[in-house]
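A.B. asks:
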Amino acid sequence: MNWTNYLELVGLGLIMTDEASRDPQVIIYTVGYCIYNIAFHPLRNFPGPKLWAASFVPSTREALSGRLPFAIKDLHDEYGEVVRVGPNTLSFDSAQAWEDIYGHLKGDKKKTFEKDYEFYGPTVSGAANIIMAKEDDHRRFRKLQSHAFSEKALKAQESYLQRYTRSFIDRLHDQVKGTSKGLVPMSMWYNFTTFDLIGDLAFAHSFGMTENAELHPWVKITFDYIKMMEFMRLTRIFPSVEKVLHYFIPQSLKDVRTNHAKWSAEKAQARVQMNTDRQDFMSYLLKGDDKNGLTKDEINEAATILILAGSETVSFRLITHELGIFGFMTNGRDKQTATVLTGVTYFLLNRPETYERLKTEIRGSFTSDKEMDLSSLAQQNYLNACLEEGLRMYPPAPTAMPRRSPTGGGVVCGEVIPENAVVGVTSWAAHRSARNWLYPDDFMPERWLGDPRFAGDSQKASQAFSYGPRNCIGKNLAFAEMRLILANLIWNFDLELPQEEKDWFARNKIFILWEKPELHIKLSSRLV
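First residue of the sequence shown? That's -13 in my numbering, and the numbers climb one at a time after it.
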């Protein structure tokens, strides 16, 4: 009898079948396993509910319902800045935890909290990427890819951003003319625009979604892929039953991962073969020498990350292989961009005085939308504050990026962490904690503008682009894209949140990233 198998079955609740429930050995060992986790495990003295410490059942149940980060935030409210949320897992919600877990190590590098590679899973090709690479390879990847997100590169890319933003605005004008109520599905149009842009920058290939007003088949696969990754992650918690659990995943969903990687590889290699002086993402990836350059498989993996991260969310982590898109978020920006823009739009319109102040700033600074460029928009203080607050209120990757404590243990927030424990900052909890923020659930951009009411806010607790040497290299591009799209939208249209969309946020779920319902906004053109 393999007792390890039974332990894992306990975690998923599979032992509750009739056959298992009648097996005295299973029952005895199950009880013993739970007692060990509660009373004798190295993490036994950390605060948290006993049921969560005993097994993975509570966290798995919450994850499958799309509510895990919300539940963990509630636990932090009850137990404090550190909570035990699994037999071997700790969640933190403070600014100091970001630094201790993810920051640059000042002393012994052997005390680094490495990524929990069991959580992320392997890539399809087996090649490394910037998300999963160990230190030496990570430095090589980041050095090459950081050039694609530099200020110099951003200036070269501005024409692409302007072109797709213009197309976005033109199509919205068409939408307003074509509907009597003026209701526009903003999440959809944000996604169309950001995916088209990232496709062009990554592959010199636009998806044509803004022009055709419909999802490209590959983008549909991407959305399915993201949700699938959460279920694949949960199966990896229990390795010996992982193969059994895979039988319950439809073949069509399993094919999503392979097809996604295949499509990305084809587009990446087509771009490699181009004889062009285009200044896009791929042009920088191809500049490495034989020693430090990327292999064919590494280029394909990088392309997968670029398109995933660059498409619907903005920053963390975030995701390219099974959980790579998660990390992709950290390096990515576009999926994040559409998500953050949707959240900012909703929260802005829920607070009319904030929307009016932003509208006044944008329309008072420019006599025409053609005057808007990346440099001038970067100087719009209230616009920047609204985006910062949007990232706090609606972080594109609201879950934790798990790390493993080093051999011999480590220290987080003054707490000694036993070796091989899984630790992380749950972004949602950190961004919404009353210990970190005044009025944590209110959208108040003023907190980022030196308003004395918010002097006690712990602004470093908000890290939507992650933290430390593996933070999001696409942050500058993400902000540039969000500023340009949101400012053009507000300059061209008057916006109103319909009554039936007031509960939009309450209908959101989280499967690694946000699974957000469509947000319909009433638009009316300013200039008829």
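Just so you know, even glycine gets a beta-carbon here, dropped at the ideal spot from N, CA and C.
Once the 5 residues before and after H202 are set aside, which same chain residues still bring their CB inside 6 Å of it?
C.D. replies: Translated into positions along the sequence shown, residue 202 becomes position 216. Hits under 6 Å: F193 and M195.
A.B. asks: In chain order, what residues of the same chain lie with their CB nearer than 6 Å to the CB of Q449, ignoring the 5 residues before and after it?
C.D. replies: Numbered from 1 along the sequence shown, position 463 holds the residue referred to as residue 449. Result list for Q449: W84, in chain order.
A.B. asks: Report yes if the C-beta distance between N422 and S444 is below 8 Å; otherwise report no.
C.D. replies: For the purposes of this step, residue 422 is taken as the residue at position 436 of the sequence shown. For the purposes of this step, residue 444 is taken as the residue at position 458 of the sequence shown. It is a contact, given that the beta carbons lie within the stated cut-off.
A.B. asks: Y368 and P438 look like a contact to me (Cβ under 8 Å); what is the Cβ gap, rounded to whole Å?
C.D. replies: As a first step, residue 368 is located in the sequence shown; it is residue number 382 there, counting from the start. As a first step, residue 438 is located in the sequence shown; it is residue number 452 there, counting from the start. Not quite, the Cβ-Cβ distance comes to about 17 Å (not below 8 Å), so this is no contact.
A.B. asks: Quick one: what's got a C-beta closer than 6 Å to A371's C-beta in the same chain, skipping five residues either side?
C.D. replies: Reading the sequence shown from its first residue, position 385 is the one you call residue 371. Hits under 6 Å: P431, W434 and L435.
A.B. asks: Is the beta carbon of T151 less than 8 Å from the beta carbon of T323?
C.D. replies: Taking the first residue of the sequence shown as 1, we reach residue 151 at position 165. Taking the first residue of the sequence shown as 1, we reach residue 323 at position 337. Their beta carbons are not under 8 Å apart, which means T151 does not touch T323 by this criterion.
A.B. asks: The alpha helix (DSSP H) with I14 in it runs from where to where?
C.D. replies: Within the sequence shown, the letter at position 28 stands for residue 14. Its alpha helix (DSSP H) spans residues P10 to A25.
A.B. asks: Under 8 Å by Cβ, that's how I've got N286 and S250 pegged, so tell me the actual separation to the nearest angstrom.
C.D. replies: Working through the sequence shown from its first residue, we reach residue 286 at position 300. Working through the sequence shown from its first residue, we reach residue 250 at position 264. Their Cβ separation, rounded to whole angstroms, is 6 Å, which keeps N286 and S250 in contact under 8 Å.
A.B. asks: Among G396, R47, P28 and S41, which one has its Cα closest to the Cα of I496?
C.D. replies: Within the sequence shown, numbered from 1, the residue matching residue 496 stands at position 510. The residue with the shortest Cα to Cα distance from I496 is R47.
A.B. asks: For the 8 Å Cβ check, are there 3 or more pairs between the stretch 49 to 61 and the stretch 481 to 500?
C.D. replies: Yes, the stretch 49 to 61 touches the stretch 481 to 500.
A.B. asks: Is it right to say L509 is buried, meaning 16 or more other beta carbons lie within 10 angstroms of its own, or is it exposed?
C.D. replies: Sequence index remark: in the sequence shown, residue 509 carries index 523 (1-based). The residue in question, L509, is buried, as its Cβ has 16 or more Cβ neighbours within 10 Å.
A.B. asks: Mind checking which residues open and close the alpha helix (DSSP H) that includes F56?
C.D. replies: One-based indexing of the sequence shown puts residue 56 at position 70. Its alpha helix (DSSP H) spans residues L54 to Y65.
A.B. asks: To the nearest whole angstrom, what separates the beta carbons of V398 and V409, a pair I think is in contact under 8 Å?
C.D. replies: Start at 1 with the first residue of the sequence shown, and residue 398 comes out as number 412. Start at 1 with the first residue of the sequence shown, and residue 409 comes out as number 423. Contact flag correct, Cβ pair sits at about 6 Å.
A.B. asks: According to DSSP, what are the bridge partners of L509?
C.D. replies: If you number the sequence shown from 1, residue 509 lands on position 523. Answer is L481.
A.B. asks: Going by the CB atoms, is the gap between L470 and I507 shorter than 8 Å?
C.D. replies: Start at 1 with the first residue of the sequence shown, and residue 507 comes out as number 521. Start at 1 with the first residue of the sequence shown, and residue 470 comes out as number 484. Against a cut-off of 8 Å, the Cβ pair of L470 and I507 comes out as no contact.
A.B. asks: What is the residue span of the alpha helix (DSSP H) that S77 lies within?
C.D. replies: As a working note, residue 77 is residue 91 in the sequence shown. Not the alpha helix (DSSP H): S77 falls in the beta strand (DSSP E), residues T75 to F78.
A.B. asks: Inspect the beta-carbon positions of A502 and S173 and report whether they are closer than 8 Å.
C.D. replies: Taking the sequence shown and counting its residues from 1, the one referred to as residue 502 is at position 516. Taking the sequence shown and counting its residues from 1, the one referred to as residue 173 is at position 187. Residue 502 is actually Lys in this sequence, not Ala. The answer is yes: Cβ separation under 8 Å.
A.B. asks: Could you tell me which residues DSSP pairs with G396 in its beta bridges?
C.D. replies: Here residue 396 is taken as the residue at index 410 of the sequence shown, counted from 1. Bridge partners of G396: I403.
A.B. asks: Please state if the CB of V411 and the CB of I87 are separated by a distance shorter than 8 Å.
C.D. replies: For the purposes of this step, residue 87 is identified with residue 101 of the sequence shown, where counting begins at 1. For the purposes of this step, residue 411 is identified with residue 425 of the sequence shown, where counting begins at 1. Yes, these two residues count as a Cβ contact at 8 Å.
A.B. asks: Alpha carbon to alpha carbon, how far is Q265 from A188? Give it in angstroms, no decimals.
C.D. replies: Your numbering for residue 188 matches position 202 in the sequence shown. Your numbering for residue 265 matches position 279 in the sequence shown. Looking at the two C-alpha atoms, the distance is approximately 10 Å.
A.B. asks: To which residues does DSSP link P33 through a beta bridge?
C.D. replies: Counting from 1 along the sequence shown, the entry for residue 33 is found at position 47. The partner list for P33 (beta bridge, DSSP) is empty, contrary to what the question assumes.
A.B. asks: Measuring alpha carbon to alpha carbon, tell me which residue in D263, S351 and N245 is nearest I207.
C.D. replies: The residue labelled residue 207 in the question sits at position 221 within the sequence shown. For the residues D263, S351 and N245, the minimum Cα distance to I207 belongs to N245.
A.B. asks: Using DSSP's beta-bridge definition, name the partner residues of L363.
C.D. replies: Numbered from 1 along the sequence shown, position 377 holds the residue referred to as residue 363. Looking at the DSSP assignment, L363 forms no beta bridge with any residue, so it has no partner.
A.B. asks: Would you mind stating whether I476 and K345 have Cβ atoms separated by less than 8 Å?
C.D. replies: In the sequence shown, the residue the question calls residue 476 occupies position 490. In the sequence shown, the residue the question calls residue 345 occupies position 359. It is a contact, given that the beta carbons lie within the stated cut-off.
A.B. asks: If I follow the unbroken beta strand (DSSP E) through R418, where does it start and stop?
C.D. replies: Working through the sequence shown from its first residue, we reach residue 418 at position 432. Where R418 is concerned, there is no enclosing beta strand (DSSP E), although the alpha helix (DSSP H) it sits in stretches over S413 to R418.
A.B. asks: Considering Cα atoms alone, identify which of Y22, G34, A190 and S77 is closest to A416.
C.D. replies: Within the sequence shown, the letter at position 430 stands for residue 416. With distances taken between Cα atoms, A416 lies closest to S77.
A.B. asks: In terms of DSSP beta bridges, what is F497 paired with?
C.D. replies: Here residue 497 refers to the residue found at position 511 when the sequence shown is read from its first residue. According to DSSP, which records beta bridges pairwise, F497 is partnered with L499.
A.B. asks: State yes or no: is the beta carbon of S77 nearer than 8 Å to at least one beta carbon in chain D?
C.D. replies: Reference to chain D is not applicable here, since this structure consists of a single protein chain.
A.B. asks: Per DSSP, what kind of secondary structure is A386 in: helix, strand or coil?
C.D. replies: Residue numbering aside, residue 386 sits at position 400 when the sequence shown is read from its first letter. In this structure, A386 counts as strand in the three-state DSSP scheme.
A.B. asks: Measure from the alpha carbon of K461 to the alpha carbon of each residue in P33, I14, I24 and F135, then state which is nearest.
C.D. replies: In the sequence shown, counting from the first residue as 1, residue 461 sits at position 475. K461 has its Cα closest to that of F135, out of P33, I14, I24 and F135.
A.B. asks: Among all the DSSP beta bridges, which residues are the ones paired with G72?
C.D. replies: Here the question's residue 72 lines up with position 86 in the sequence shown. G72 pairs with T75.
A.B. asks: What does DSSP give as the partner residue(s) for P171 in the beta ladder?
C.D. replies: Within the sequence shown, the letter at position 185 stands for residue 171. In the DSSP output, where bridge partners are listed per residue, P171 has H506.
A.B. asks: In the DSSP assignment, what are the bridge partners of E100?
C.D. replies: Working through the sequence shown from its first residue, we reach residue 100 at position 114. In the DSSP output, where bridge partners are listed per residue, E100 has R390.
A.B. asks: Where do the N-terminal and C-terminal ends of the alpha helix (DSSP H) with P338 fall, by residue?
C.D. replies: Here residue 338 corresponds to residue number 352 of the sequence shown, with the count starting at 1. First-last of the alpha helix (DSSP H) with P338: P338 to S351.
A.B. asks: Rounded to whole angstroms, what's the CA-CA distance from D547 to Q255? Just pull it up for me.
C.D. replies: Any question about residue 547 goes unanswered here, given that the chain covers just -13 to 514.
A.B. asks: With a threshold of 16 other CB atoms inside 10 Å of the CB of E339, please say whether the residue is buried or exposed.
C.D. replies: Looking up residue 339 in the sequence shown gives position 353. With fewer than 16 Cβ atoms within 10 Å of its Cβ, E339 is classed as exposed.
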